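Everything on this sheet refers to the single structure shown next.
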Amino acid sequence: MNFSTITDADFDSFYPVKLQRLSATHWTPVAVAKKALSFLNEDGKNTILDLGSGAGKFCLLAASWSNAEITGIEQRAQLVQQARKIASQLQLQNLQFLQGDLIHLDFKDFDSFYFFNSFEELINPKDKMDKEEELDIEAHQNRIEEIRKKFEQLKKGTRIATYCGECHEIPESYLLIKSENKGKLKFWEKRG
Ligand SMILES: C[S@@+](CC[C@H](N)C(=O)[O-])C[C@H]1O[C@@H](n2cnc3c(N)ncnc32)[C@H](O)[C@@H]1O
-3 MNFSTITDAD FDSFYPVKLQ RLSATHWTPV AVAKKALSFL NEDGKNTILD
47 LGSGAGKFCL LAASWSNAEI TGIEQRAQLV QQARKIASQL QLQNLQFLQG
97 DLIHLDFKDF DSFYFFNSFE ELINPKDKMD KEEELDIEAH QNRIEEIRKK
147 FEQLKKGTRI ATYCGECHEI PESYLLIKSE NKGKLKFWEK RG
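Numbering (the working numbering), first residue to last: -3 to 188.
Below you can see the structure in the form of structure tokens.
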């Protein structure tokens, strides 16, 4: 498959039908991944962390298109398994998937970050991946607050691309560099 011209339908065909059905709501569109990667990896070989990597769509695309070192962290074991399976099929060397809570990861190991509104499922019934899970507004606020603190501690020049959401996780020390896709995709850089 030629990744430079890949469509969403082409990419999603790597997934079983159940995960293909989640794509429109939960996985990054190819065109968005392309723009986010070119911002996050603008100066060459960066280390990029996808915070809540799901079935790996952003990471797999980014690793196929670049020499950046890509890491995805995802809490759901089955999604991690699926992402690792495709990475191995594609023989991608510059990519790893971790399983766990992104809150416990040291953000200082990375140059730039991709965040596709990963905590939305805690407050929005339309974004729930598991029907039986309860909404939890307090947990949502706590997680936003925690990653905000982590972003605040990073070095000047750190870049973040956010897709969807209100962006309350971005501290004031980050400047909004540009905004695309009708404001859904935002590019931030730490100034102070
Ligand atoms: C909207 S999906 C985005 C998936 C992927 N980044 C992509 O663009 O294709 C958000 C993912 O974040 C994961 N997630 C939510 N909270 C998390 C946490 N605390 N730690 C790790 N993963 C988390 C969810 O399980 C879900 O798979």
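Backbone N, C-alpha and C fix where the C-beta goes; we use that ideal spot for every residue, glycine too. Just so we're clear, the structure is a prediction, and the values are computed from it rather than from any experiment.
Non-local C-beta neighbours of phenylalanine 147 in its own chain, meaning closer than 6 Å and more than five positions away in sequence, comprise Pro167, ordered along the chain. Less than 7 Å separates the beta-carbon of isoleucine 69 from that of leucine 98. Within 6 Å of the C-beta of glutamate 130 there is not a single heavy atom belonging to ligand 1. Proline 121 is classed as exposed because its beta carbon has fewer than 16 other beta carbons within 10 Å across all chains shown. In the displayed model, aspartate 6 falls within a helix according to three-state DSSP. According to DSSP, residue pairing for aspartate 46 in a beta bridge involves Gly68, Tyr110.
Look at threonine 3: its beta carbon is at least 6 Å from all of the heavy atoms in ligand 1. Cβ-Cβ distances below 6 Å link glycine 179 to nothing in the same chain once the five nearest sequence neighbours on each side are left out.
Just so you know, the alpha carbons of threonine 154 and alanine 20 end up roughly 29 Å apart. With a cutoff of 7 Å on beta-carbon distance, valine 76 and leucine 181 are scored as not near each other. Note that the C-beta distance between serine 108 and asparagine 42 is below 7 Å. Cα atoms of valine 26 and glycine 52: separation of roughly 12 Å, rounded to the nearest angstrom.
Your pair glutamine 16 and aspartate 8 checks out as a contact, with CB atoms roughly 5 Å apart and the cut at 8 Å. Closest by C-alpha distance to lysine 151, out of Ser175, Arg187, Ala157, is Arg187. Counting along the chain, glutamate 148 sits inside the alpha helix (DSSP H) bounded by residues 133 to 148. Comparing C-alpha distances from glutamine 71 to each of Gly50, Phe35, Asp39 shows the shortest one belongs to Gly50. The DSSP-derived three-state label of leucine 118 is helix. DSSP places arginine 17 in the coil class of the three-state scheme, outside both helix and strand.
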